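Numbering (this note's numbering), first residue to last: 17 to 78. In this text, a Cβ means the ideal position worked out from N, Cα and C, and glycines have one as well. All values reported here derive from a predicted model rather than from experimental measurement.
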């Protein structure tokens, strides 16, 4: 895959809310994209789904 294809796939995964899959996909293709890796990695939100779930549960227990 070229850099544009990797970026497009990462954008699609982010758009679907699959942040972990986007991170995994990017990690698998980091050698192919070289210097762009860090820039693209910055596009992916760092979402801790476990922590978020706990916060939501805690909110409703109040």
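- Secondary structure at residue 62: coil, using DSSP grouped into helix, strand and coil.
- If you draw a straight line from the Cα of residue 29 to the Cα of residue 18, it is about 17 Å long.
- If you check the CB distance, residue 59 and residue 22 do not come in under 8 Å.
- When only Cα atoms are considered, residue 31 and residue 50 end up about 23 Å apart.
- Under the DSSP assignment, residue 33 falls outside any alpha helix (DSSP H); it carries neither an H nor an E label.
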